[in-house]
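Chemist: Residue numbers for the sequence shown follow numbering that gives the first Met the number 0, beginning at 0 and rising by one. Can you keep this structure in mind? I'll have questions shortly.
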Amino acid sequence: MDQNACTCCKMSPVTLTAVGLTLLFVIFMFVTGVMVRWWVMLPLGFAAFFLFRMRRGQAEGLENTVCRWGYWLVLALLLLRDACLSSRLAGTYGAVEGAAGEAAKSAMNL
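So this is what it looks like as structure tokens:
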């Protein structure tokens with residue numbers, strides 16, 4: 000049997016948990032609900048980030064590489080998520096502000 004066949008089986012449960020949380024984070028990126036994106040994704044992202052950061056200095060070999068790449072991947076995904084969510088909220092605010100402005104203009108013309 001090949002010694003490298005089951006490298007992921009030798010990884011720490013903390014690293015495997017961080018990988019699982021990252022996969023959940025990526026799956027939830029495709030959910031359009033703002034509340035899900037805020038209340039579910041933020042704790043998932045921070046937990047995965049913390050776990051990768053914690054294991055990054057302790058792991059060796061492939062696990063260390065997974066932790067280093069996971070650390071930066073989660074950081075990039077958190078920034079991307081915040082940028083997308085901010086643009087969506089800004090668009091919503093612009094639409095509400097525009098509707099309120101139109102309502103104020105029509106009220107003034109009466």
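No residue lacks a Cβ here, since even glycine has one placed at the ideal position from N, Cα and C.
#1: Which residues in the same chain as A46 place their Cβ atom closer than 7 angstroms to its Cβ, once the five residues preceding and following it in sequence are excluded?
#2: Use the C-beta contact count for F51: other C-beta atoms within 10 angstroms, 16 or more gives buried, fewer gives exposed.
#3: Report the three-state DSSP secondary structure of G44 (helix, strand or coil).
#4: Find out if the Cβ-Cβ distance for the pair V13, L76 is shorter than 9 angstroms.
#5: Is A58 helix, strand or coil by DSSP?
Modeler: Based on what the coordinates show:
#1: Cβ neighbours of A46 beyond the five flanking positions: L20.
#2: Buried, since its Cβ has 16 or more Cβ neighbours within 10 Å.
#3: In the structure shown, G44 falls within a helical segment according to DSSP collapsed to helix, strand and coil.
#4: No, Cβ-Cβ distance for V13 and L76 is not below 9 angstroms.
#5: DSSP places A58 in coil when its eight states are reduced to three.
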